[in-house]
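In this note's numbering, the protein residues as written are 10 to 496. Note that beta-carbon positions come from the ideal geometry of N, C-alpha and C, so glycine has one too. Working notes for the structure below.
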RNA sequence: GGCCCCAUCGUCUAGUCUGGCCUAGGACACCAGGUUUUCAUCCUGGCAACGGGGGUUCAAAUCCCCCUGGGGUCACCA
């Protein structure tokens, strides 16, 4: 079931919105397949819907793909021998195919108005019949059709689906899928405005671009018989197909805005690491083996196999994504993490402009201290805000820890102790704290809890030695003094 | 509703093609312990699945049939 043609696969987005999670995964699988087999991965822009295309969408989609780490061998911005890669620029190619098929009677004019078709659908619905075009213009005399067209009557071109054929699609993921041609309606191949539709251009281009494998979402399975019939009408070799399962929302239905963020960009702007998204998308419908779930592009490429792509839909599990994000962040070098988090710190107004060297190295320390507590870059400003302020207001738990004579006395004692120490903070704060506790004949908890509350305003956060370092001598002592003075 | 696809822990999955090694493995989440100055991390343990019914076979999660359930699609969108 493998083709002997060179591997050429494509991802064909339509620039009518941002890149959907499902599309991203489809692109990813195509990319992996091409890289695995030493083939070419191309991008083709399906911009036949002139009403809804926007330039902004196109750039958003390309940026999302790049952010994920996918590169393409042919397509927008890189060119290639099979271009142009925008369908809006390939009209003459389509026109040749249209003319030929029309002359051969494989395409015919249909003069039914949208209203008439709507009426047909309603009638079929009422009669509980199948909703399908009734071929009312299929047998119209060609000369008559020609005359009406010449007279300016609007028409679409429909594909004359042959009767009595069984279309067998040897799907690389699902096995053989069969359709009877009677089930396939005479679909619209060319709109009244002359622009051919998706099913038409897709086939003409896949043929012209010598696409060897079409890997796409399962929602396209139903289009496949139409396309196969067109390949045959054109006398072109069909590619092999592989329909990947859908990505589902928490409700078990096709992922939609109802159940969460559907655009890859949403995750980017929320500060999810791209490596984690890449990894997570792979896990939705693909597995390397029975125990590997953290892996990157190289491992994917060397292991990718359509036989290991699942047939059933996969629910997009945010919990697991978050865990993966945290895992990637924990394994990120502090300097790298600091620079990745910078845009979010700037956005939150905690850092103005490009940080100078001193601030930069402070940010690296910050990243190192917070690394184990983050699941996204976006969380840093919120979780580290207490380090950026002058003074700190204790939350309710911290206030409780600071209440009472003893707590205040210990905080003040700690302040005095730290004030005398050089350098600041001490090399080993833990040892200092321990000695302090023994000195005052109390447990570590009695010391650390109020000290932490005073310094951070909460009962959580990084190691106190790190907090001291990040706060600096003056600010740390100030917070201890204020807490001790609080009544 | 017609057509098409699918079916292992709550979720992602391994195992299914090439029946036996499966008293069904891993991961997330969850629960319980441990380490730690707190939180987090980390470590240990636990909970938890072959949708149902028929076959075939010495043997079925694995093969066949039916049922049930879920999903996709029925545009001059892609």
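Please go through the same chain and pick out, in chain order, the residues whose beta-carbon is closer than 6 Å to the beta-carbon of residue 467, but skip the five residues on each side of it.
Here the set comprises 404, 407.
Out of curiosity, what's the CA-to-CA distance linking residue 298 and residue 288?
14 Å
Does the separation of the CB atoms of residue 497 and residue 53 fall below 8 Å?
No answer is possible for residue 497: the residues shown for the chain start at 10 and end at 496.
Would you mind stating whether residue 5 and residue 322 have Cβ atoms separated by less than 8 Å?
Nothing about residue 5 can be read from this structure; the chain reaches only from 10 to 496.
For the stretch 448 to 481, list the alpha helix (DSSP H) runs that are entirely contained and at least 4 residues long, ordered along the chain.
453 to 465, 473 to 480
Across the stretch 99 to 110 and the stretch 201 to 214, are there enough close Cβ pairs to call them in contact, namely three or more that are closer than 8 Å?
yes
For residue 368, does the count of other Cβ atoms within 10 angstroms reach 16, so buried, or fall short, so exposed?
exposed
How about residue 269 and residue 333: do their beta carbons lie closer than 8 Å?
Between residue 269 and residue 333, the CB-CB gap reaches or exceeds 8 Å.
Kindly indicate which three-state DSSP category residue 542 falls into: helix, strand or coil?
Given that the chain is displayed from residue 10 to residue 496, the structure contains no residue 542 and the question cannot be resolved.
Residue 325 and residue 286: beta carbons closer than 8 Å?
no
Once you ignore the five residues that flank residue 130 on each side, which residues in its own chain have a CB closer than 7 Å to its CB?
140
Under 8 Å Cβ to Cβ from residue 303, same chain only, skipping five residues before and after it: list those, please.
288, 333, 336
Between 23, 48, 237, 30, which lies nearest to residue 17 when the distance is taken from Cα to Cα?
48
For the stretch 64 to 72 against the stretch 100 to 116, do three or more pairs of beta-carbon atoms, one drawn from each stretch, fall closer than 8 Å, so that the two count as touching?
no
Compute the Euclidean distance between the alpha carbons of residue 301 and residue 20, then round it to the nearest angstrom.
27 Å
So, at 6 Å on beta carbons, what are the nonlocal neighbours of residue 59 in its own chain, with the 5 sequence-adjacent residues on each side left out?
Cβ-Cβ distances below 6 Å link residue 59 to nothing in the same chain once the five nearest sequence neighbours on each side are left out.
Excluding the five sequence neighbours on either side, which residues of its own chain have a C-beta within less than 6 Å of the C-beta of residue 10, listed in chain order?
In this prediction, residue 10 has a pLDDT of 43, which is less than 50 and means its spatial position is unreliable; what the coordinates show is noted afterwards. Hits under 6 Å: 179.
DSSP state of residue 272, grouped into three classes?
strand
Could you give the residue range of the alpha helix (DSSP H) that holds residue 117?
That residue, residue 117, is in no alpha helix (DSSP H); its beta strand (DSSP E) goes 116 to 119.
If we ignore side chains and look at the alpha-carbon of each, how far apart do residue 399 and residue 384 end up?
26 Å
Using a Cβ-Cβ cut-off of 6 Å (strictly less than) and excluding sequence neighbours within five positions of residue 13, which residues of its own chain qualify?
Nothing meets the Cβ criterion.
What number of angstroms, rounded off, separates the C-alpha of residue 196 from the C-alpha of residue 386?
Straight-line measurement puts the Cα of residue 386 at about 48 Å from the Cα of residue 196.
For residue 482 and residue 65, I'd like the C-alpha separation in whole angstroms.
49 Å
Taking 7 Å as the line, does the beta carbon of residue 456 fall inside it for any heavy atom of the ligand PLP?
As presented, the structure is devoid of all ligands, the ligand PLP included, so that no description of it is given.
Which stretch, first to last residue, makes up the alpha helix (DSSP H) that contains residue 70?
64 to 77
Grouping DSSP H, G and I as helix and E and B as strand, with all else coil, what is residue 157?
The answer is helix: DSSP assigns residue 157 an H, G or I state.
Closest to residue 128 by CA distance: which of 457, 142, 116 is it?
Here the closest residue by C-alpha is 142.
How would you call residue 134, buried or exposed, if buried means at least 16 neighbouring beta carbons within 10 angstroms?
Exposed, by the Cβ-count rule.
Along the beta strand (DSSP E) that carries residue 373, what are the first and last residues, could you check?
Note, residue 373: premise wrong, no beta strand (DSSP E); alpha helix (DSSP H) at 366 to 379.
I think residue 175 touches residue 187, with their Cβ atoms under 8 Å apart; what is that distance to the nearest whole Å?
6 Å
Let me know the secondary structure DSSP gives residue 29 once reduced to three states.
Correct three-state label for residue 29: strand.
Under 8 Å, do residue 479 and residue 396 count as touching if we go by C-beta distance?
yes
Taking all protein chains shown into account, decide if residue 379 is buried (16 or more other Cβ within 10 angstroms of its Cβ) or exposed.
Classification of residue 379: buried, given that the 10 Å Cβ count is 16 or more.
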